[in-house]
Structures are given as C-alpha cells and as structure tokens.
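K.L.:
Listed in order, the protein sequences are those of chains A and B. Using numbering that gives the first Met the number 0, the first residue of the first sequence is number 0, and each one after it goes up by one. Using numbering that gives the first Met the number 0, the first residue of the second sequence is number 0, and each one after it goes up by one.
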Amino acid sequence: MVGILAGPLPAIVTAVVTVFVGGLLTNPFLPWFVCTAVAIGWFSGFCANRGAFRRVWVWGLCGIAQGVLAAIVSAPVVVYLFGGITQSGSSLVVAYLMATGETVLKSVLTAGIACDPVDKFITFMIAWTVIRGFPRSLRAHFPRGLANTERPIASKDSPNTATT
Amino acid sequence: MNGLAARLDPRSKAAIWLSMIATGLLLPAGPRLAIYVICLLGFISPLAGCLRASIAFGLKVILPTIAMLALVYGLLAPPGEAQPGFAERIVAGVLTGAFIGARLMAIAVATLAFVATTRQMEFASCLCTLGIPSWLAAVFVSSFNMHAVVIRKTRQIVDAQRARGLKPKGILLGRIRMYAPILRPLLFGMILSAIERSALWQTRGYIEVAGRRQLRFRRPDAWALGFALFLPCSAGVLRWAI
Chain A
0 MVGILAGPLP AIVTAVVTVF VGGLLTNPFL PWFVCTAVAI GWFSGFCANR
50 GAFRRVWVWG LCGIAQGVLA AIVSAPVVVY LFGGITQSGS SLVVAYLMAT
100 GETVLKSVLT AGIACDPVDK FITFMIAWTV IRGFPRSLRA HFPRGLANTE
150 RPIASKDSPN TATT
Chain B
0 MNGLAARLDP RSKAAIWLSM IATGLLLPAG PRLAIYVICL LGFISPLAGC
50 LRASIAFGLK VILPTIAMLA LVYGLLAPPG EAQPGFAERI VAGVLTGAFI
100 GARLMAIAVA TLAFVATTRQ MEFASCLCTL GIPSWLAAVF VSSFNMHAVV
150 IRKTRQIVDA QRARGLKPKG ILLGRIRMYA PILRPLLFGM ILSAIERSAL
200 WQTRGYIEVA GRRQLRFRRP DAWALGFALF LPCSAGVLRW AI
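Structure, rendered in structure tokens:
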C-alpha cells in the first residue's frame, strides 16, 4: 500500500521497519525475511511508478509476478536457515515434495512459486480496494496517490490520453 | 540476569543474540542440537524472564511441525526399490520434524531473550550509535508504541462493523471484500495519526526519541563479546572436528 501511495523507497523503509518490529513483537522468524520484504516493497513501488494500478488486469499480473519474485528471494532463507519448514501453510507442500525425494531447495522453490503468486495477487487486490476507498484529499496528500488510483481521461483536443 | 542485562550495552546483547542463533544453525541435527535447545529453555529463558513465552511458542512451533512431517512421511513412501515400512516412515517423520522444530526453537528463544532484556529506548540509542539516522530510530520506537494502539483500534472497528451486520461468510471474493470495511477506517485513522506524530517528532528534532547516548563498552561488555564469539566457534568445532 505504501508503494502504491508513495513509491519504492518509502515502501522499502516500511518493509524493513515492519519485519523488525513484527519480529521483535509477534513472530521471531520475520526479521530473517527482510530481503523478501525489501523486494516486495521495491516491486510494489516500481509497478506504481509505471502506472500499473490504473488498470485491473495490469496490477493482477504484477501481483502474480511479485509472488514469483518473493518465492525466489525467500527460498535461500527458508532452505539454509529454516531447513525448508516454516510456520506457513506452504510447508505442507514442501514436506510432501521432500517426502517424494526432491531436494529441499527444489521443494521450497516449487511450493513458493505455486502458493505465493495467489497470496500476492490477493494482497494487491486488498490494497487497491482499500486505497480506492480513501477520500480524494487523503490520496492527494501522497506523491503517487492520485496518479495510481484514478484512470487517465482523454483530452477533447488530442487523441492522446492525459493524466488527471 | 536482568540486572546483568541492564549493565550490558545493547550492542553486546545483540551480539549474544546473533551468536546464539548462529550456534543453533551450526550444530548438526541430532542430540547435540536437542541438548542445546534444552539448555536455552532451561537456563537462558528463565534468567531472561521469557520462559512462559518460550514454552508457548515452542508448543506452537514444534508440535505442528512434528505432526505434519510424521503425517506426510507416513503417508508417502520415498521412491526406490527398498521402501521402509509404515512405522519406520512415521519415526523418520517424527525425528525430522523434531530436529527442524529444535532449530526453529533455537532461533525463537534467542530472539525472545533479546526482546525481554532490551528496552525500546536502548534499542533506539543502539541504532543511532550504529549510524542509523535518528528519524529512522524514531520510526522504530513509534512503531513499537503504536502496536498496542493498532490492536485495540482493530478490535473496536471489527466489533462496530459486526454490529452493523458485517458477517465473514460466503465465497472467497466476498470474504476479501469484507476486509475493506475494516481496513479502510483503520488505515485512514492510522495515517492521520502518523501525520500528526511525524509533526510532533519533527518539532522535537527526534532527540527525545533517540534517547541519551550514554552507551559505552565496559568490562561486562568485553566478557559478553567473548562469550558471543566462543559459542559459535565451539559449535563449529563440535560439528566439524568432533
């Protein structure tokens, strides 16, 4: 959400603070996924800067791409730090693949690429729905708030679209 | 230990925290790792005052891991001609789950001990001495303070929306849409609150938030750093030399 409203750098800062505060207060395993959080924050801001959130199908594709990116970035941490099993539901998929003889890294990557895109797509949907419901005055307070939540309108003088 | 922890520099405590985690990762899966986790639970967590939280977290982590791996290993036979029996697969799943759970516990207990022996302002001061900008240290401290506020406001909004007829049922898309009436007022209020707090911190120049910089290394810190180096080195010796 911070990436949509403010861009990649504030999203990265928010991600780092979130994993460390969450790790110290709720889940001790969160700080080890700081690289994943940074990647997610950066990618959200990158997509927002490119105007991906103006059309539904574009941010849907971006959500799926972000899930693949998150799975790839988090795989080494899950394999070498946690041995392949964390507290998430995808650990059941990892355990199944490990029991069938696959290596830990391949199991974690396969489970991550299968599960994370759906998760990130739903996350993008929730963030976009919530921000669209904010008052226009609040969205205008942020650098990308209006640009990413309102569709460009066509100018009557030119066939090219113009951003509101 | 809380008295000792109060005299230690937070950077020394962070070094011990990281060394305990590194030790848990270096020890091979087996009896040595189990003994290490028992020592953490039996000695470190009571001294740090986080025994109850460690046990609760351990039950939440280890038991589901053991049950999940025992179930999966028991139901699935590994590929190959000589396949072990059902009881052997269950035992293999239980042992694998126990050792993976022990590794997770080593990470969790070390983190809980660090959190239990470090105050917020110490943490912020430590960040400032490490070169992190004071405004970022202020963000950390503010986030710690806002955690309880966010939980309380979330409960209030959920109760209010349920009183207005919001019921979590239906298909997946309908359930996702039900997050909006809860998240919008919560995030709207939090953003407004954050804007006000940022103005307050700016007028104070973040000085009060960062805390007084009285951090300096003393003899107990030197002993703590020596202990922090000794733990992972001895774990490495146990793993590769013995």
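Backbone N, C-alpha and C define an ideal beta-carbon position, used for all residues, glycine too. What you are looking at is a predicted structure, and each value in this text was computed from that prediction instead of being measured.
Does chain B have any CB closer than 8 angstroms to the CB of A/V16?
P.N.:
Yes, its Cβ sits closer than 8 angstroms to a Cβ of chain B.
K.L.:
What is the C-beta distance between B/G96 and B/I54, in whole angstroms, given that I count them as a contact (C-beta under 8 angstroms)?
P.N.:
With a Cβ gap of about 18 angstroms, B/G96 and B/I54 do not count as contacting.
K.L.:
Contact between the segment 93-107 of chain B and the segment 55-63 of chain B is defined here as three or more beta-carbon pairs at a separation below 8 angstroms; is this criterion met?
P.N.:
They touch, by the three-pair rule.
K.L.:
Check whether the segment 56-72 of chain A and the segment 103-120 of chain A touch, using three or more Cβ-Cβ pairs below 8 angstroms as the test.
P.N.:
Touching, yes, given that three or more Cβ pairs across the two stretches are closer than 8 angstroms.
K.L.:
Do three or more CB pairs link the segment 18-30 of chain B to the segment 105-117 of chain B at distances below 8 angstroms?
P.N.:
Short answer: they touch.
K.L.:
Count the other C-beta atoms from every protein chain shown that fall within 10 angstroms of the C-beta of A/F19, then say buried if there are 16 or more, exposed otherwise.
P.N.:
Burial call: buried.
K.L.:
Please go through the segment 51-115 of chain B and give each complete alpha helix (DSSP H) segment of 4 or more residues, from N-terminal end onward.
P.N.:
You should have 85-115.
K.L.:
Once DSSP output is grouped into helix, strand and coil, what is the label at A/S157?
P.N.:
Low confidence applies to A/S157: its pLDDT is 46, below 50, so where it sits in the model is not reliable, and the reading given next is rough at best. Three-state DSSP puts A/S157 in coil, outside helix and strand.
K.L.:
Hey, is the segment 123-139 of chain A in contact with the segment 3-10 of chain A, meaning 3+ C-beta pairs nearer than 8 angstroms?
P.N.:
With a cut-off of 8 angstroms, the segment 3-10 of chain A and the segment 123-139 of chain A count as touching, because enough Cβ pairs lie within range.
K.L.:
Any beta carbon of chain A sitting closer than 8 angstroms to that of B/M0?
P.N.:
Confidence at B/M0 is low in this model, with a pLDDT of 46, below 50, so its placement is unreliable and no value can be given for it.
K.L.:
My assumption, with CB atoms under 8 angstroms, is that B/L237 sits in contact with B/L40. Please give the rounded CB distance.
P.N.:
19 angstroms between Cβ atoms; not a contact.
K.L.:
Could you give the C-beta distance for B/A115 and B/A123, rounded to a whole number, given that I count them as a contact under 8 angstroms?
P.N.:
Going by Cβ atoms, the distance from B/A115 to B/A123 rounds to 17 angstroms, so no, they are not a contact pair.
K.L.:
Alpha carbon to alpha carbon, how far is B/A69 from B/A91?
P.N.:
Cα to Cα, B/A69 sits roughly 7 angstroms from B/A91.
K.L.:
Taking Cβ-Cβ distances shorter than 9 angstroms, what residues in chain B pair up with A/T128?
P.N.:
Within 9 angstroms Cβ-Cβ: I175, R176, Y178, A179, L182 and R183.
K.L.:
Taking Cβ-Cβ distances below 9 angstroms as the criterion, which residues of the segment 84-116 of chain B are in contact with chain A?
P.N.:
Those would be R88, G92, T95, G96, F98, I99, G100, R102, L103, I106, A107, V108, A109, T110, L111, F113 and V114, in chain order.
K.L.:
Should A/I125 be flagged as near chain B, meaning a C-beta pair shorter than 8 angstroms?
P.N.:
By this cut-off, A/I125 is an interface position.
K.L.:
For B/I15 and B/F226, which I take to be in contact (beta-carbon distance under 8 angstroms), what is that distance rounded to the nearest angstrom?
P.N.:
So it is a contact: roughly 7 angstroms between Cβ atoms.
K.L.:
Is there a C-beta anywhere in chain A that falls below 8 angstroms from the one on B/M120?
P.N.:
No, B/M120 lies away from the interface with chain A (no Cβ there is under 8 angstroms from its Cβ).
K.L.:
Kindly indicate which three-state DSSP category B/D8 falls into: helix, strand or coil?
P.N.:
B/D8: coil per DSSP, three-state reduction.
K.L.:
Starting from the beta carbon of B/G64, find every residue of chain A whose beta carbon is closer than 7 angstroms, and list them in chain order.
P.N.:
A quick correction: the sequence has Thr, not Gly, at residue 64 of chain B. The contacting residues are I84.
K.L.:
Report the residue from B/A33, B/E195, B/P30 and B/R118 whose alpha carbon sits nearest the alpha carbon of B/K12.
P.N.:
When only C-alpha atoms are compared, the closest one is B/R118.
K.L.:
Check each candidate in A/A98, A/L108, A/L60 and A/A51 and name the one with the smallest Cα separation from A/V76.
P.N.:
The shortest C-alpha separation from A/V76 is found at A/L108.
K.L.:
What are the boundary residues of the alpha helix (DSSP H) that A/P75 is part of?
P.N.:
Residues V55 to Y79.
K.L.:
Strictly below 9 angstroms CB to CB, what residues from chain A border B/V71?
P.N.:
In chain order: L91, A94, Y95, M97 and A98.
K.L.:
Regarding B/Q201 and the ligand GTP, is the C-beta to nearest heavy atom distance less than 7 angstroms?
P.N.:
No copy of the ligand GTP occurs in the structure displayed, which carries no ligand at all.
K.L.:
In three-state terms, what does DSSP make of A/T163?
P.N.:
Reliability fails at A/T163, whose pLDDT of 36 lies under 50, so the model's placement of it is uncertain and no value is given.
K.L.:
Residues of chain A with CB under 8 angstroms from B/V149, in chain order?
P.N.:
Within chain A, no residue comes near B/V149; the closest Cβ sits about 11 angstroms away, beyond 8 angstroms.
K.L.:
Given that B/V138 touches chain A, what residues does it touch there, using C-beta distances under 8 angstroms?
P.N.:
Ordered by position in chain A, the residues that pass the 8 angstroms Cβ test against B/V138 are V12 and V16.
K.L.:
Name the chain B residues whose beta carbon is nearer than 7 angstroms to that of A/V67?
P.N.:
Residues of chain B passing the Cβ test: none, with the nearest at roughly 21 angstroms.
K.L.:
Thinking C-alpha only, which one of A/L137, A/S106 and A/A70 is nearest A/I112?
P.N.:
When each option's Cα is compared against that of A/I112, the closest is A/A70.
K.L.:
Classify B/Y35 as helix, strand or coil using the three-state DSSP reduction.
P.N.:
Helix at B/Y35.
K.L.:
Along chain A, which residues have their Cβ under 7 angstroms away from the Cβ of B/S142?
P.N.:
Those are V16 and V20, listed as they occur along chain A.
K.L.:
Can you tell me where the alpha helix (DSSP H) with A/E101 in it begins and where it stops?
P.N.:
It is not in any alpha helix (DSSP H) - A/E101 carries neither H nor E in the DSSP assignment.
K.L.:
Got a sec: is the Cβ-Cβ distance from A/I39 to anything in chain B below 8 angstroms?
P.N.:
No - not a single Cβ of chain B is within 8 angstroms of the one on A/I39.
K.L.:
If you measure from the beta carbon of B/L24 to each beta carbon in chain A, is any gap under 8 angstroms?
P.N.:
With 8 angstroms as the cut-off, B/L24 counts as an interface residue toward chain A.
K.L.:
Measuring only between beta-carbons, confirm whether A/I63 sits less than 8 angstroms from chain B.
P.N.:
Chain B, which has no Cβ nearer than 8 angstroms to the Cβ of A/I63, makes this no.
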